[in-house]
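For reference, the structure discussed in these notes is given below.
In our numbering, the protein residues as written are 13 to 297.
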């Protein structure tokens, strides 16, 4: 079930207390035991069962009876805690509709001091162990519940946006909490969903952005037509959680792939010829 403003507004303070307790205790338990949760919240058995039932009916928690009665946050619950924090400090005043969905994130429109986009990272929906092996920002050992992998991904993206803005055309980073990044809203479309009036100029602009990011020590790591947006003012590179530093052992290979993906896309769709090695030399300088 996707998160909604009505769901968040409808939570009782005791519901929120249970969510916070489960979140804390998941750092110690794969499934938070009922008895431990009761001790932590101070609720009676009847009250706690009632709250847990409410939260599970809204798909904020899930339960298991093996090897003992226990509970876990699911993404809607984790999203809800992030939204409560963001609204509490005034970053977000309204949550709108979903405007995008990818393999590891969903994006909603919203309002803060102006229009914003809220990106809910969902790394744990894929194989957590695969993510742990392939993402250098994930802890190598120790207990890290799979759902919390998404907060590492969100922090990674927020850090990249902070390092790149305003020198590279990226969404403006506004705030972050848990797995949610709040950023400026871009009223445009990804390259695969639009027809460009001046594709050669946009290709030049994208290569300029890649070059500037590289000189800041950052390589996107997953660049394609699906994470470049265009609007009336130009183009913006989005989706940065997989970025790597320019001194990474595989930096050359990954930068080559990023540049090749973009150059070949413009060749396929618009017939623009731009040799990959020539574009790569331009980026590296």
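Think of the CB as a built atom: it goes at the ideal place given N, C-alpha and C, for glycine as much as any other residue.
Cα-Cα separation, residue i to residue j
{"i": "residue 98", "j": "residue 218", "result": "32 Å"}
{"i": "residue 208", "j": "residue 296", "result": "27 Å"}
{"i": "residue 16", "j": "residue 91", "result": "10 Å"}
{"i": "residue 100", "j": "residue 93", "result": "11 Å"}
{"i": "residue 49", "j": "residue 34", "result": "7 Å"}
{"i": "residue 143", "j": "residue 115", "result": "At residue 143, the pLDDT of 49 sits below 50, so the modelled position is not reliable and the matter cannot be decided from this model."}
{"i": "residue 113", "j": "residue 120", "result": "9 Å"}
{"i": "residue 20", "j": "residue 107", "result": "10 Å"}
{"i": "residue 242", "j": "residue 206", "result": "8 Å"}
{"i": "residue 220", "j": "residue 40", "result": "46 Å"}
{"i": "residue 245", "j": "residue 196", "result": "14 Å"}
{"i": "residue 32", "j": "residue 80", "result": "21 Å"}
{"i": "residue 87", "j": "residue 290", "result": "44 Å"}
{"i": "residue 288", "j": "residue 278", "result": "11 Å"}
{"i": "residue 164", "j": "residue 38", "result": "16 Å"}
{"i": "residue 168", "j": "residue 255", "result": "8 Å"}
{"i": "residue 185", "j": "residue 84", "result": "30 Å"}
{"i": "residue 134", "j": "residue 200", "result": "23 Å"}
{"i": "residue 216", "j": "residue 281", "result": "15 Å"}
Integer Cβ distance of residue i from residue j, believed to fall under 8 Å
{"i": "residue 45", "j": "residue 82", "result": "5 Å"}
{"i": "residue 64", "j": "residue 73", "result": "7 Å"}
{"i": "residue 103", "j": "residue 187", "result": "4 Å"}
{"i": "residue 176", "j": "residue 225", "result": "6 Å"}
{"i": "residue 228", "j": "residue 179", "result": "7 Å"}
{"i": "residue 124", "j": "residue 109", "result": "Residue 124 to residue 109, Cβ: 16 Å. No contact."}
{"i": "residue 172", "j": "residue 230", "result": "6 Å"}
Residue i versus the options, residue with shortest Cα-Cα distance
{"i": "residue 11", "options": "253, 191, 128, 243", "result": "Residue coverage of the chain in this structure runs from 13 to 297, which leaves residue 11 outside it and unanswerable."}
{"i": "residue 182", "options": "170, 70, 24", "result": "170"}
{"i": "residue 55", "options": "28, 286, 19", "result": "28"}
{"i": "residue 161", "options": "192, 174, 172", "result": "192"}
{"i": "residue 286", "options": "105, 38, 214", "result": "214"}
{"i": "residue 247", "options": "198, 189, 51, 132", "result": "198"}
{"i": "residue 267", "options": "223, 280, 26, 277", "result": "223"}
{"i": "residue 129", "options": "292, 250, 263, 293", "result": "250"}
Residue i CB to nearest heavy atom of the ligand HEM below 8 Å
{"i": "residue 86", "result": "With respect to the ligand HEM, the structure shown offers nothing to examine, as it has no ligands at all."}
*For the region 273–293 and the region 234–244, state whether three or more C-beta atom pairs, one from each stretch, are separated by less than 8 Å.*
yes
_Restricting to runs no shorter than 4 residues, where is the alpha helix (DSSP H) found entirely within the region 84–121?_
87–100
*asked:* At 3 residues or longer, what runs of the beta strand (DSSP E) sit wholly inside the region 201–259?
replied: 240–243, 246–249
*At 4 residues or longer, and completely inside the region 43–72: list those alpha helix (DSSP H) runs for me, N to C.*
46–53, 57–69
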